[in-house]
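**Q** Each residue of the sequence shown is one higher than the one before, starting from 605 at the first, in the working numbering. All C-beta atoms, glycine included, are put in the ideal place defined by N, C-alpha and C.
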Amino acid sequence: MKARLGRRTAAVLLAGVVGALSAGPPAAAEPGTGAGGLVMVLDSSGSMADEAGGGRTRIEAARDAVGTVVDSLPDGYPTGLRVYGADRTSGCTDTRLARPVEPLDRDAMKKAVAGVEPKGDTPIGLSLRKAVADLPEPEPGAAGRRTVLLISDGEDNCGSPPPCEAAEELAESGLDLRIDAIGFQVKGEAREELTCIAEAGHGAYYDAPDAEALARQLQRAAELSAGGYQFKGDAIEGAASAKGAPAVAPGQYLDSIGPGETRWYAAELDATSTADFGVTAVPQPGVPVGYSDGLELRVHTSGEFPMVCDNTRATFHQDEGALPVSGAVSRVPTAKANATCDQAGTYHLEVKRVSAKGADQARWPLELRMALDAPLAAGTVPAQSATEFGEISKGLAPRVDSPARAVTGGTGFNDAVRIGEGVWKDGLLPAQTRWYKVKVGWGQQLRYTVDFGNEPTIDHEDLVVRRSFVSTSLHAPSRAPVGTGTEFSGYKGYFGKPSVLDHGTVPVTWTNRWEPAAHVKPVRAAGDYYLAVSLGPNTATFAENPAVGVVLRVEVAGTELAGPQKDAPAATDTTDDAPAAGAGAEKAPAKDTAAAEKAGWPSPWVLAAAGGALALLVVAAAALVVRRRAGRGAGGPTRGGTA
């Protein structure tokens, strides 16, 4: 099998190249209910009339950047514009709403910013207060993201209210509020103040030393706001202790949790069903976190002497900046049904937030999912557990040969985009996580790689951070993370050079639930497996393009079986409803042709120069595919026997 690696890898890589040339960009969809909104706060003070370079003034560069942003935002995304210093030559109350926060009207936004002329002072603190009031209040029960995006070329010269204090006060007023700041050609105290505003506002600071950087950073910040995690669930408030814990039944719930806080929930369980409790925390992207920050989860029995049935820690495993963090605990009845956690009764879910000193102190939204997995029918003998990766082990690339199809990953579990076996391409913004789901049946295995493109990097004298990270995580239908075992790598450093992550599962087998290994235990149910792919926040300091290109190569190995029983026949219905070429989900980052080429996608002149050689390679690849399919096995490895 390993002897085929070179030929197989060549075929896979060629398929990715051909697909990248043929597939078009994904289309953005309209935002969902409670999606939040964005108000840009544009500095129009006198200094914005200064030269920005390239024969343009700073305000001209800002107008062009805002135009680029509104073209890239999703249709209908609530967007507004506030300006300060635009109406009078002096005055610390000179701020106005140039365009209300309404469903996006691109022409109206461009017209509004075109009429702005730099004149006066820089009342940043007051403008921030006004901007938060400009944003619509979230709908009852909604958990969206409201963003104030400040673009300034200097510091506040009014002082009342102090900008950092105003940002901190405002950020504490709403769980969903975020204040980002972009410093346009700033240094020294101005940069320090804008950084302080972003940190106090639970947002991010973006440095823009030139006009090109301003457009790039503005696009990143705006699209990150529009692509916020789409929550789903009923509002619930966890208790401070097991006593008084609210009841949860199968379904999804929304809560929040503060630093060091513990939330408790109760569930009534029978003696035979497996109960899964998935918990996802969604901090504002990129805010400060510690390496071991995250969630501690436990599920207990009740009574005077409760027993812990399952526990886990879901942590960031990096200290660069926050991304969604998710974990799951389960009450799994034992095979002999004679343990304390096998009894019917009240069980408690305990969720504790761990925060290092200096980490983000905002409350985090929590999404909880509770699900029950019924026992097998009486008399059913399940297939033996499967603990080895076998034919999809790390040394072998996914055996896929389809053209690359453009897709836009979802924002989380609820809108994860269905993909199937094949090659897919997408783009990630710094501090962004994209989500996909793949159907994996009984007896099958999932294997995938994520290739990050050769990203051109910027070079300027103030650039300090030139390294970030890329990561991927895989989640079972229960939302429990699937461990990488000793085979795969889900995290690597990234500094613009090509980087490949890989992950996969053992065969899906009912009895895997009783295995101890983190890469085996969660792989116990057929259904949708979730792939999350993330790009580190620091990529914004050195990547030249707004989004970084990624290619996913996905293989679902083995014949799907009709059920979990021993010697199950092949399934008769194996429909895969993955999207067609070019299909995608919501909120795609806009990537023009030039940006795509710079991120690693081939350009037309490359294809023309390599036309003859490429045609020969396509023919050779087709021949290899035929030979591979003829020799490909149907099943995945197991340990044999009965449970």
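Expressed to the nearest angstrom, what Euclidean distance is found between the alpha-carbon atoms of Tyr-869 and Thr-726?
**A** Straight-line Cα distance between these residues: approximately 49 Å.
**Q** Just to confirm, are Thr-693 and Gly-724 a CB contact at a threshold of 7 Å?
**A** Yes.
**Q** Between which two residues does the alpha helix (DSSP H) carrying Met-713 extend?
**A** From DSSP, the alpha helix (DSSP H) with Met-713 extends over 710-718.
**Q** Does DSSP put Asp-757 in a helix, a strand or coil?
**A** Looking at Asp-757 - three-state DSSP - the assignment turns out to be coil, as it is neither helix nor strand.
**Q** If you draw a straight line from the alpha carbon of Gln-821 to that of Ala-656, how long is it in whole angstroms?
**A** Distance between the alpha carbons of Gln-821 and Ala-656: 16 Å.
**Q** Count the other CB atoms, across all protein chains shown, that sit within 10 Å of the CB of Thr-1012; report buried if there are 16 or more and exposed otherwise.
**A** With 16 or more other Cβ atoms within 10 Å, it is buried.
**Q** Where do the N-terminal and C-terminal ends of the alpha helix (DSSP H) with Lys-734 fall, by residue?
**A** That run of the alpha helix (DSSP H) goes 728-738.
**Q** Counting C-beta neighbours from all protein chains within 10 Å, is the total for Thr-984 16 or more, i.e. buried, or is it exposed?
**A** Under this definition Thr-984 is an exposed residue.
**Q** Under a three-way DSSP split, which group does Ile-861 fall into?
**A** Three-state DSSP puts Ile-861 in a strand.
**Q** For the alpha helix (DSSP H) containing Gln-823, list its first residue and its last residue.
**A** Run containing Gln-823: 815-830, per the alpha helix (DSSP H) assignment.
**Q** Would you list the residues sitting across from Gly-986 in a DSSP beta bridge?
**A** A small correction: the amino acid at residue 986 is Pro; Gly does not occupy that position in the sequence shown. Pro-986 is bridged to Gln-1169.
**Q** Report the residue ranges of all alpha helix (DSSP H) runs contained in full by the segment 654-703; include only those spanning at least 4 residues, in chain order.
**A** List check, alpha helix (DSSP H) in window: 662-676.
**Q** Under the three-state reduction of DSSP, which class applies to Pro-765: helix, strand or coil?
**A** Of the three classes helix, strand and coil, the one that applies to Pro-765 here is coil, per DSSP.
**Q** Going by DSSP in three states, Ala-960 sits in which element: helix, strand or coil?
**A** Coil at Ala-960, not helix or strand.
**Q** Identify whether Ala-808 lies in helix, strand or coil by the three-state DSSP scheme.
**A** Looking at Ala-808 - three-state DSSP - the assignment turns out to be coil, as it is neither helix nor strand.
**Q** Counting C-beta neighbours from all protein chains within 10 Å, is the total for Asn-1149 16 or more, i.e. buried, or is it exposed?
**A** By the 10 Å Cβ count, Asn-1149 comes out buried.
**Q** When the Cα of Ala-1020 is compared with those of Lys-1029, Val-1042, Ser-1006, Trp-1028, which residue comes out closest?
**A** Ala-1020 has its Cα closest to that of Val-1042, out of Lys-1029, Val-1042, Ser-1006, Trp-1028.
**Q** Residues in its own chain within less than 7 Å of His-1107 by CB, not counting five upstream and five downstream?
**A** Cβ within range, chain order: Tyr-1052, Thr-1076, Leu-1078, Thr-1088, Phe-1092, Gly-1094.
**Q** Are there 16 or more other CB atoms within 10 angstroms of the CB of Glu-596, so buried, or fewer, so exposed?
**A** The chain is shown from 605 up to 1247; residue 596 falls before or after that span and cannot be answered.
**Q** Less than 6 Å between C-beta atoms, sequence neighbours within five positions excluded: which residues of the same chain meet that for His-806?
**A** Around His-806: Ala-775, Arg-782, Gln-888, Val-891, Ala-966.
**Q** Name the two residues that bound the continuous beta strand (DSSP E) containing Gly-640.
**A** Start and end: 640-647.
**Q** Determine the closest residue to Asp-874 out of Ala-843, Thr-884, Thr-944, with distance taken between C-alpha atoms.
**A** Cα-wise, what sits closest to Asp-874 is Thr-944.
**Q** So, at 8 Å on beta carbons, what are the nonlocal neighbours of Phe-909 in its own chain, with the 5 sequence-adjacent residues on each side left out?
**A** Nothing listed; no residue qualifies.
**Q** For Glu-924, which option in Cys-800, Val-893, Ala-941, Asp-946 has the closest C-alpha, if you only look at C-alpha atoms?
**A** Of Cys-800, Val-893, Ala-941, Asp-946, the residue nearest in Cα terms is Val-893.
**Q** Tell whether a beta-carbon distance below 7 Å holds between Asp-897 and Ala-960.
**A** The answer is yes: Cβ separation under 7 Å.
**Q** So what does DSSP say about Glu-797, is it helix, strand or coil?
**A** Glu-797 falls in the helix class under three-state DSSP.
**Q** Compare the beta carbon distance of Val-933 and Phe-1017 with 7 Å and say whether it is the shorter of the two.
**A** Cβ distance not < 7 Å, so Val-933 and Phe-1017 don't count as in contact.
**Q** Which residue's Cα is closest to the Cα of Arg-824: Val-1086, Asp-711, Gln-1169, Gly-1140?
**A** With distances taken between Cα atoms, Arg-824 lies closest to Gly-1140.
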